[in-house]
Every structure is written in structure tokens, then in C-alpha cells.
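Take a look at the structure below.
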Amino acid sequence: MDTYDLIVIGAGTTGAYLAREMAKRGRSVLAVEKLPKTKVGTKYDIFHIEKKEFDRLDIPRPVQGDKAWAFEFEKNYNADPLTKYPKCQINPIVGLHMHEYTLLLNEQAEQAGAKLLYSCEFLDFLYDDAGKICGAKVKYRGREKKIAAKIVADCSGMAAVGRTRLPDGYGVDNRPLTDEDMFYVILKYVTLKRPEDYLEGSTFWAYYKAWIAPCADPHGAIIGLGACHSYEYAAQVMEEMEKTVPLPEYDLVRVEKGRTPYTRSPYSMVADGFIVCGDAGNFTKSVNGEGVTSSMVQIQAAADTLDAALRYNKANREFLWSINRAYNTTQGAEFAMLRALLTGVVNAANFDEFQYAFESGIISDELLNAMNGASVTPQTLLTALSGFLSGMANKKIRMSTVKAAGTALKNAAAIFNHYQRFPYSEQGFDEWQEKADALYEKIGKIK
Ligand SMILES: Cc1cc2nc3c(=O)[nH]c(=O)nc-3n(C[C@H](O)[C@H](O)[C@H](O)COP(=O)(O)OP(=O)(O)OC[C@H]3O[C@@H](n4cnc5c(N)ncnc54)[C@H](O)[C@@H]3O)c2cc1C
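This is the structure we're talking about:
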């Protein structure tokens, strides 16, 4: 039987990055991807990476003329529904073609020494006599094949084919996502009719969870919207949004649809011989559901421990546990806090209150910057609360909304602090998990 240190399920951006990072550390890695090379990364066309992330994550930075490069911009507006008081943040963004960029990452993984098998589908785990994962069963060229490995990493995207196949009680949440745990995204690729409307940057309308952003055609744009429940519901909200928001006149070129996880990541992402990464474990940003770079941040938190576990034959949950703590006390805590805050505020505020928040400056550049970057602090959130209180005094904001915002802030601070106290070992995890569940119950889900 072929034997590897690590089998990676899926060679999307997450699987490719993990394969590269582990191969770079000298580990033997096999990535199995069920799609052929021509189809990998074709679930939609354009995605964005903030320019600062290329160096931080050491990932290829395409430039104009490269196949993966589509466009760049740096002005990012956040706007009220009527778009009267937009706030502009400067944050250079690169628009990339998903298929071409995924292939670039896959090439890097191969150059680092990982083996990639396209058109190779993960079917199930192999278990040793003690019931611990010790490899994978795959289907390749019409035949089933068993491959041994010390760790199997599920990087299969939202399908989470590995995580959801784990036996109950194996140590990682094995529940599939429901319609309330994901955003249904509709993207309209359009050409703009009037040259004066050609885009210099993107605009995001938080009230509708909608945006307009550049596309590869400099005379075009992508009008997007994300909503829970279903594509039908997202289409209804989009219709409503287009009646209110003063969008530029356009001709529709094509429509793309896609889904992205919008829920918390599993409290424990590791088990004996197993780790879950990327969309398979919902490591998407709580502000916008983007997950390419946030999944790489998760992998950075995991890579050295995975390497040590493989090197010293300690691929068990106990040894891998420090990955849970490294992630949950950093990006995990920030995402949990932002999720609590956004869920509370977005569910409570009505149209007029959103308008007022932009007009009065409650939604400030500082708050937006904090939400965009990693360094959001409880202090920034308290400043927003005092803005709400002034709005209440002026009768622009309902008492019920102020109360909901106060509760959201309290929940945000509580969940952040709770993640900071994530246990160093499995001891104490049950109690930690119980309290986290209770906090998430209070936080609720975005409507
Ligand atoms: C419309 C839309 C726009 C988005 N825009 C952005 C953006 O601008 N920036 C951003 O950061 N994020 C964005 N996201 C989110 C981002 O696309 C995902 O977070 C990211 O692609 C997740 O990568 P992944 O590798 O974890 O999963 P995937 O890209 O889904 O890759 C999983 C891979 O696993 C393979 N696989 C599945 N099952 C098996 C199996 N049984 N055996 C072998 N292989 C298997 C699949 O074929 C696939 O190639 C967007 C999402 C949507 C829907």
C-alpha cells in the first residue's frame, strides 16, 4: 500500500496551501482532487485578496498580464442604503481568476514536493485496529485504492466529505451545514452603460449584504448579494436592493451563484489522525464570508504542530490539541466576536436606523477599519455603543435597537473572552464547550 505522512482531500486553495506548507517542511504529502485539472477552481470566476496578504501568507502575487490577474483597486466604500454618506477606506485589493490562481497554488505545492492526483475522489477513511484513522480509500481511474497516512486533512470545501464522515464522538463536529449556516451568493456580471459610472473601487451596503465591485472588464462590474436560507430568498432581497440603492445603469452579461459557510468553525478541528481546514470547517470571515486567506491563516496556526506530530509519530488528538488553542485564541476569537456583534446589530436595526448610523458617524472609519483588519478591540465597540446612545437621545434610534446593540456588544465581549480561555488540553474542554454553546445560543444566527 502507498504510504504518506499526510493525505489532503481536495486541491482548492486551502488544500493546495496545506500541501505546500507540509511538503516545504519535508513531509510526504498526497493531495487527492476529485475534479480534473481543467475544472479545479471553476466554482466561480473572480475572487479578491487584500494586497497585504500576499507577503504575510507567502503566496504568489499575480500582476497585470498574468493569467490569474483580473484587476486591482484600492477604494473600498461602505454605504448607507440610499448611498448618501459613503465611507471610504483605502485598502489595496487584487481581483483574481479562481481557476488560474488555484492552479498556481497547486504548482507551488508540487514544486515543494507534494504529489497531486486530479480526478481522484476520496471515498472514506481507513481505520486501524484501535479505530483510529490511518489512511483513506479513494477512487482513481475507475478503481478503488487504499492509501495509508498518519494524518488525513479534510480540505474538501463546503461538502466537508471527510468531516461529515467521521464517526459520532470521534472528536470533531461531524454535522453538515444547514441552509441557515451559509450564505447563498448571487453575482451579476454586468457592463455599465455610461463611462462616468465606470468603477474606481467597490461599494458595500451592509443593510442588504450587497456590493458592487470591479470585474475583469474595466467597463463592467459585479453586483453581488449574499443571504441565508436559499437562492430564491437572495434573489428577492436583490430585487428589493435594486429598487432602493442608486446603482449605475447596466446591461446584464451573466449570473453566477455560489455558497459560502457563514457559521462558526468547529471548537476542535483535530482528532486522531485528522484535521479539518478551509470551507470544510467554516473558517470564513464573519464580516463577509470570504475564506481563501482566513483558511490559510488557520493553516499557519496548524502547520508546525502538524509537522512535529508527523515527524515524531504523534498524530493523535492530544498532541494536535495545541492547534485548537493556537487558532481559537487568535483569529477564532476575533471572528467569534465580530459574528456576535454583526448578528445582533444587523438583526435589530431597520432601514432608517442604518441611514442614521451612516449620517451621524456612528459607523465610523475606525469601526470599519477594525472590522476589516485583525485588531478589533472591545474599546472600539464601546465607542460605537456611545454613538448609539446619542442616537437614542435624539429619537433617531429605537430603544429596542439600542438594547439589542448593547446585548450584541456584551455577547461579543463574552465570546471573545471565552475563546481567549480555550483550554490548553482536552481537560476542561467539555465545560468550555458547554459554555460556548450557551453563548452562541444567546448570539443567535443572522436573519
Ligand atoms: C460567490 C463567492 C465569492 C467569494 N469571494 C471570495 C473572495 O473574494 N475572497 C475570499 O477570500 N473568499 C471568497 N469566497 C469564499 C471562498 O471561495 C472560499 O472560502 C474558498 O474558495 C474555500 O476554499 P477551499 O479550498 O476550502 O474549498 P473549495 O474551493 O471548495 O475546494 C475544495 C476542493 O475539494 C474538492 N473535493 C470535494 N470533494 C472531494 C472528494 N470527495 N475527493 C476529492 N476532492 C474533493 C473539490 O472538488 C474542490 O476542488 C467567495 C465565495 C463565493 C461563493
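Under the numbering used here, the first residue of the sequence shown is numbered 704, with each subsequent residue one higher.
Just so you know, even glycine gets a beta-carbon here, dropped at the ideal spot from N, CA and C.
Checklist entry - Does the separation of the CB atoms of D871 and V864 fall below 8 Å? => result Within the sequence shown, the letter at position 168 stands for residue 871. Within the sequence shown, the letter at position 161 stands for residue 864. Their beta carbons are not under 8 Å apart, which means D871 does not touch V864 by this criterion.
Checklist entry - Short check: CB of G715 to CB of T805, under 8 Å? => result For the purposes of this step, residue 715 is identified with residue 12 of the sequence shown, where counting begins at 1. For the purposes of this step, residue 805 is identified with residue 102 of the sequence shown, where counting begins at 1. At a Cβ-Cβ threshold of 8 Å, G715 and T805 count as neighbours.
Item to check | CA-to-CA distance, I978 to I710, given in whole angstroms | outcome: In the sequence shown, the residue the question calls residue 710 occupies position 7. In the sequence shown, the residue the question calls residue 978 occupies position 275. Straight-line Cα distance between these residues: approximately 10 Å.
Item to check | CA-to-CA distance, D1133 to G1090, given in whole angstroms | outcome: The residue given as residue 1090 occupies position 387 in the sequence shown. The residue given as residue 1133 occupies position 430 in the sequence shown. Whole-angstrom Cα-Cα distance: 38 Å.
Item to check | Whole-number beta carbon distance between D1068 and K790, since they are thought to touch under 8 Å | outcome: Here residue 790 refers to the residue found at position 87 when the sequence shown is read from its first residue. Here residue 1068 refers to the residue found at position 365 when the sequence shown is read from its first residue. Indeed, because the Cβ distance is near 6 Å, the residues count as touching under 8 Å.
Checklist entry - Looking at I712 and ligand 1, is the gap between the Cβ and the nearest heavy atom below 7 Å? => result Taking the sequence shown and counting its residues from 1, the one referred to as residue 712 is at position 9. Checking every heavy atom of ligand 1 against the Cβ of I712, one is found closer than 7 Å.
Item to check | For M1095, the nearest candidate out of E1056, E1062, T1110 and T1086 (CA to CA) | outcome: Counting from one through the sequence shown, the residue named residue 1095 turns up at place 392. Closest by alpha carbon: E1056.
Next on the checklist: Let me check understanding here. Comparing Cα to Cα, which of A983, G816 and F828 lies closest to Y730?
Outcome noted: Taking the sequence shown and counting its residues from 1, one reaches residue 730 at position 27. Note that residue 730 is Arg in the sequence shown, not Tyr. The candidate whose alpha carbon is nearest that of R730 is G816.
Item to check | Those residues which DSSP pairs with V888 across a bridge | outcome: Here residue 888 refers to the residue found at position 185 of the sequence shown. V888 pairs with G929 and G961.
Checklist entry - In or out: N1120 buried (at least 16 other Cβ within 10 Å) or exposed? => result Within the sequence shown, numbered from 1, the residue matching residue 1120 stands at position 417. Exposed.
Next on the checklist: Please state the DSSP three-state secondary structure of Q1130.
Outcome noted: Indexing the sequence shown from 1 puts residue 1130 at position 427. Coil at Q1130, not helix or strand.
Checklist entry - In this structure, does DSSP put A851 in helix, strand or coil? => result Here residue 851 refers to the residue found at position 148 of the sequence shown. If DSSP states are grouped into helix, strand and coil, A851 belongs with the strands.
Item to check | Rounded C-alpha distance that separates K912 from K988 | outcome: Numbered from 1 along the sequence shown, position 209 holds the residue referred to as residue 912. Numbered from 1 along the sequence shown, position 285 holds the residue referred to as residue 988. Distance between the alpha carbons of K912 and K988: 14 Å.
Next on the checklist: In chain order, what are the residue ranges of uninterrupted beta strand (DSSP E) at least 3 long that sit wholly in the stretch 799-853?
Outcome noted: 818-820, 823-830 and 836-843
Item to check | Closest residue to S822 among P763, A734 and P784 (Cα-Cα distance) | outcome: Here residue 822 is taken as the residue at index 119 of the sequence shown, counted from 1. Residue A734 is the option with its Cα nearest to S822.
Checklist entry - For A1077, does the three-state DSSP call read helix, strand or coil? => result Position 374 of the sequence shown, counted from the first residue, corresponds to residue 1077. Any reading at A1077 must be qualified, since the residue scores a pLDDT of 48, below 50, and its modelled position is unreliable; the value itself is stated next. A1077: coil per DSSP, three-state reduction.
Checklist entry - So V735 is in the beta strand (DSSP E); what residue range does that whole segment cover? => result Residue mapping note: residue 735 aligns to position 32 of the sequence shown, counting from 1. It spans V732 to V735 - the beta strand (DSSP E) in which V735 sits, taken as one unbroken run.
Next on the checklist: On the DSSP letters alone, give me the boundaries of the alpha helix (DSSP H) that I1118 sits inside.
Outcome noted: Translated into positions along the sequence shown, residue 1118 becomes position 415. Element bounds for I1118: M1102 to Q1123.
Next on the checklist: Using C-beta distances below 8 Å, list every residue in its chain close to L785, excluding the 5 sequence neighbours before and after it, in chain order.
Outcome noted: For the purposes of this step, residue 785 is identified with residue 82 of the sequence shown, where counting begins at 1. Excluding residues within five positions, the ones whose Cβ falls inside 8 Å are T947, V948, P949 and Q1058.
Next on the checklist: Shorter than 7 Å, the distance from the beta carbon of M941 to the closest heavy atom of ligand 1, or not?
Outcome noted: On the sequence shown, position 238 is the one that residue 941 refers to. Result no, Cβ not under 7 Å from ligand 1.
Item to check | Extent of the continuous beta strand (DSSP E) run through D708 | outcome: Mapped onto the sequence shown, residue 708 falls at position 5. It spans D705 to I712 - the beta strand (DSSP E) in which D708 sits, taken as one unbroken run.
Checklist entry - How many Å lie between M725 and A1006 at the Cα? => result Here residue 725 refers to the residue found at position 22 when the sequence shown is read from its first residue. Here residue 1006 refers to the residue found at position 303 when the sequence shown is read from its first residue. So the two alpha carbons sit approximately 7 Å from each other.
Item to check | Limits of the alpha helix (DSSP H) - the one that Y936 falls within | outcome: Counting from 1 along the sequence shown, the entry for residue 936 is found at position 233. Element bounds for Y936: Y934 to T947.
Checklist entry - Does any heavy atom of ligand 1 sit closer than 7 Å to the C-beta of R962? => result One-based indexing of the sequence shown puts residue 962 at position 259. Because some heavy atom of ligand 1 lies under 7 Å away, the Cβ of R962 counts as near it: yes.
Item to check | Exposed unless 16 or more other CB atoms sit within 10 angstroms - verdict on T963 | outcome: Along the sequence shown, one-based indexing puts residue 963 at 260. Buried.
Checklist entry - Using the C-alpha atoms, what's the distance from G992 back to E780? => result Here residue 780 refers to the residue found at position 77 when the sequence shown is read from its first residue. Here residue 992 refers to the residue found at position 289 when the sequence shown is read from its first residue. Reading off the sequence shown, one finds Tyr at residue 780, where the question assumed Glu. Distance between Y780 and G992, taken at the CA atoms: about 18 Å.
Next on the checklist: Could you tell me the alpha carbon to alpha carbon distance between A852 and D705, rounded to whole angstroms?
Outcome noted: Along the sequence shown, read from residue 1 onward, the residue named residue 852 stands at position 149. Along the sequence shown, read from residue 1 onward, the residue named residue 705 stands at position 2. Answer to the nearest angstrom: the Cα atoms are 9 Å apart.
Next on the checklist: Are the CB atoms of G976 and I854 within a distance shorter than 8 Å?
Outcome noted: Residue numbering aside, residue 854 sits at position 151 when the sequence shown is read from its first letter. Residue numbering aside, residue 976 sits at position 273 when the sequence shown is read from its first letter. Going by C-beta atoms, I854 is nearer than 8 Å to G976.
Item to check | Whole-angstrom distance between R1042 and G695, CA atom to CA atom | outcome: Residue 695 is absent from the structure shown; the chain starts at 704 and stops at 1150.
Checklist entry - What are the boundary residues of the beta strand (DSSP E) that includes T745? => result On the sequence shown, position 42 is the one that residue 745 refers to. From DSSP, T745 is part of no beta strand (DSSP E); its letter is neither H nor E.
Next on the checklist: Can you tell me whether P765 is buried or exposed? The criterion is at least 16 other CB atoms within 10 Å of its CB, across all chains shown.
Outcome noted: As a working mapping, residue 765 is identified with position 62 in the sequence shown. Buried: at least 16 other Cβ atoms inside 10 Å.
Checklist entry - So T1012 and L1023 are in contact, right, with Cβ under 8 Å, and what is the actual spacing, rounded? => result The residue labelled residue 1012 in the question sits at position 309 within the sequence shown. The residue labelled residue 1023 in the question sits at position 320 within the sequence shown. For the record, residue 1012 in the displayed sequence is Ala; it is not Thr. That pair is a contact at about 6 Å.
Checklist entry - Using the beta-carbon count (16 or more within 10 Å), is E1137 buried or exposed? => result In the sequence shown, residue 1137 corresponds to position 434, counting from 1. Classification for E1137: exposed.
Checklist entry - Is L890 near ligand 1, going by C-beta to nearest heavy atom under 7 Å? => result In the sequence shown, residue 890 corresponds to position 187, counting from 1. Checking the Cβ of L890 against ligand 1 gives yes.
Checklist entry - For V973, which of helix, strand or coil comes out of DSSP? => result On the sequence shown, residue 973 is found 270 positions in, with the first residue counted as 1. Correct three-state label for V973: strand.
Checklist entry - Are F1061 and D783 close, meaning C-beta to C-beta below 8 Å? => result The residue labelled residue 1061 in the question sits at position 358 within the sequence shown. The residue labelled residue 783 in the question sits at position 80 within the sequence shown. Yes. Within cutoff.
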